[in-house]
Amino acid sequence: MTARTSAIAATAGSGPPAASGTGPGLAPDDLPDGLVVADEHGRVICFNAAAARITGIAPGDALGRPVGDALPLQDLEGRRWWQLTDPYGGLAIRRGQPERNLLLGGREVLVSARYVRSAPTGPVRRLVIALRGTEARRRTELSHAELIATVAHELRSPLTSVKGFTATLLQKWERFTDDQKRLMLETVDADANRVTRLIAELLDISRIDSGRLEVRRQRIDMVAAVRRHVQAQTTAGQRPDRFLIRMREPLPDLWADPDKVDQVLGNLLENAVRHGAGTVTIEVGPAGGAGGTSGGEGTCVTVSDEGPGIPEESMSRVFTRFWRGSKRGGTGLGLYIVKGIVEAHGGTITVGRAPAGGAQFRFSLPVAAPAFLG
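Counting in the numbering used here, the sequence shown runs from 2 upward without gaps.
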């Protein structure tokens, strides 16, 4: 008996048939998660292909056997799970077991169970067990661990500097000249700003991952915002002739969150300056026009440089966490946040190769509506 045919037998007589033409018509082997079903006697009557893949047990070795023998599950302390849970005995009001991490022959699996009863407090007619691999959870845990390690590393340097300079100033204030004091305080201020930016990035990531990133829309002059960021770069020491701003008018009215648009522009320009080379070209125009994106009405911004560009094999990872275009510092979180901000506005962002060979980032924001009309 195959897993598919055994599942059909398991469902026979379990309830009234579905109305003609209704239901998804899925077979157990079509399910992405492992499915194991035991009858009222505790014998396995369904063992789908995903269960075989996750457990490493062939369906033929499980079907017809007591579920405790077919799936000798243990908790992380080595106790037999079936003896602990006793699905066919114990309290008659139990409906199942929540998902938990268990051991099966030395491998970890995520297991949950549902008790199907003939009446609310009747005997168990079917024991339905769902199995999932732990790979996805391990990837999530690894991502969280990497985030913590990155944050710890990025915080250590500025906090050490702040602590060192402030302790030195407090202990030996009279020994330093005014110029020396100013230099130390400027360093402390810069490192404090670095810590503040990192904390802001972490908060943004938390909001993006949980879907709680708020967008407070106001009317925005995108060209003025671009000019402001270019001015900030030149004030910081970049040559004015390194930047070229192109406008394609008329631009539609744009309602977006000005602070978050500043984050996007600041990050893209900083990346172009730090990792690119040559002239940085910023083009602003209506979405859907030449050089724009197809779709509804909105504003499109393209930032291009003349550097080495991004390797083709890396473009799919540009907007993921911790991706770095080079080893020139940074947390690798900026472009992940940029993508989250753009998508929170209902927009899109892409990366490609610029006409001059460098990197080209293009994002578009829909016209949308002001916050007081939302």
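For every residue, glycine included, the Cβ atom is placed at its ideal position computed from N, Cα and C.
Please read these numbers as outputs of a predicted model, since none were measured by experiment.
In the pairwise beta carbon analysis, the region 216-230 is classified as not touching the region 186-193: fewer than three pairs are separated by under 8 Å. For Glu155, the closest of Arg195, Leu269, Thr56 and Ala369 by C-alpha to C-alpha distance is Arg195.
For the set Leu252, Ile338 and Val281, the Cα lying nearest the Cα of Cys301 is the one of Leu252. When the Cα atoms are used, Leu103 and Gln84 turn out to be separated by approximately 14 Å. In this chain, the alpha helix (DSSP H) harbouring Ala71 covers Val68 to Ala71.
Of Leu128, Glu271 and His145, the smallest CA-CA separation from Gly43 is found for Leu128. In the structure shown, the three-state DSSP call for Thr282 is strand. Taking 8 Å as the upper bound for CB-CB distance, Thr135 and Leu111 are in contact here, some 6 Å apart. In the three-state reduction of the DSSP assignment, Leu143 falls in the helix class, which pools H, G and I. Glu142 counts as exposed, since fewer than 16 other beta carbons sit within 10 angstroms of its beta carbon. A distance below 7 Å separates the beta carbons of Ala63 and Val45. The Cβ neighbour count for Ala273, taken over all protein chains shown within 10 Å, is at least 16; the residue is labelled buried. In the three-state reduction of the DSSP assignment, Phe244 falls in the strand class, which pools E and B. Non-local beta-carbon contacts of Glu314 in its own chain, meaning distances under 6 Å to residues more than five positions away in sequence, are absent. Linking Ala93 to Glu78 through their CA atoms gives a straight-line distance of about 27 Å.
Taking a contact as a CB-CB distance under 8 Å, the pair Gly359 and Gly277 counts as one, their CB atoms being some 5 Å apart. Collapsing the DSSP output to three states places Trp324 in coil. Closest by C-alpha distance to Ala52, out of Gly65, Asp87 and Leu36, is Leu36. About 6 Å separates the Cβ atoms of Val319 and Leu336, confirming a contact at the 8 Å cut-off.
Secondary structure of Asn49 (DSSP, three-state): coil. Annotated three-state conformation of Pro367 is strand, per DSSP.
The secondary-structure analysis by DSSP pairs Ile350 across a beta bridge with Phe364. Linking Tyr116 to Gly97 through their CA atoms gives a straight-line distance of about 5 Å.
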